[in-house]
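Asks: The numbers in the sequence shown follow my numbering, run straight up by one, and end at 320.
The beta-carbon is built from N, C-alpha and C at its ideal position, and this holds for glycine as well.
Just so it is clear, the structure is predicted and the values come from calculations on it, not from any experiment.
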Amino acid sequence: MSDCIFCKIAAGEIPAEKVYEDDQVVGFRDLNPQAPVHVLLIPRRHITTLNDLTEADEALVGHLFRVAARIAADEGLAERGYRTVMNCNAEGGQTVFHIHLHLLGGRQMTWPPG
Ligand code: AMP
Numbered sequence: 207m208s209d210c211i212f213c214k215i216a217a218g219e220i221p222a223e224k225v226y227e228d229d230q231v232v233g234f235r236d237l238n239p240q241a242p243v244h245v246l247l248i249p250r251r252h253i254t255t256l257n258d259l260t261e262a263d264e265a266l267v268g269h270l271f272r273v274a275a276r277i278a279a280d281e282g283l284a285e286r287g288y289r290t291v292m293n294c295n296a297e298g299g300q301t302v303f304h305i306h307l308h309l310l311g312g313r314q315m316t317w318p319p320g
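Dropping the structure here:
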């Protein structure tokens, strides 16, 4: 999508601190980190919200989580623990409308989330 900031990051049109790339997904550090490790995993293909996923996207979503776990391990978080979050629409706290999986770690998480 031409005006989507995460599409532009995926295409390399605007800078981001990328930590992972393959043909399906891109991982990069959040500009406003909420934890010592805060990485966003996005599909290269524009999908607006979690509500827009179809059956055909099931493997892609599984891949997003597997990549998140791999990055968590690379960052030394696998045993300590970490959190993955995908916000959906206004009350879910979504501010960028290209789905992204937050990977947060390096500090104790609390529950319930704010
Ligand atoms: P959400 O509120 O779940 O939609 O999360 C959007 C996230 O994207 C926030 O944590 C922002 O800090 C982050 N963000 C927005 N623009 C950028 C950018 N250009 N590079 C990296 N992270 C960004």
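1. For valine 291 and leucine 309, what's the separation of their Cα atoms in angstroms?
2. Apart from the five residues just before and just after arginine 313, which ones in its own chain have a Cβ nearer than 8 Å to its Cβ?
3. Thinking C-alpha only, which one of Arg235, Ala222, Leu247 and Thr255 is nearest alanine 275?
4. For the structure I just gave you, are there three or more beta carbon pairs, one from the segment 224-235 and one from the segment 270-284, closer than 8 Å?
5. What's the C-alpha gap between isoleucine 305 and valine 225?
6. With DSSP as the reference, label glutamate 297 as helix, strand or coil.
Replies: Taking the definition as stated:
1. 7 Å
2. Ala241 and Pro242
3. Leu247
4. yes
5. 18 Å
6. helix
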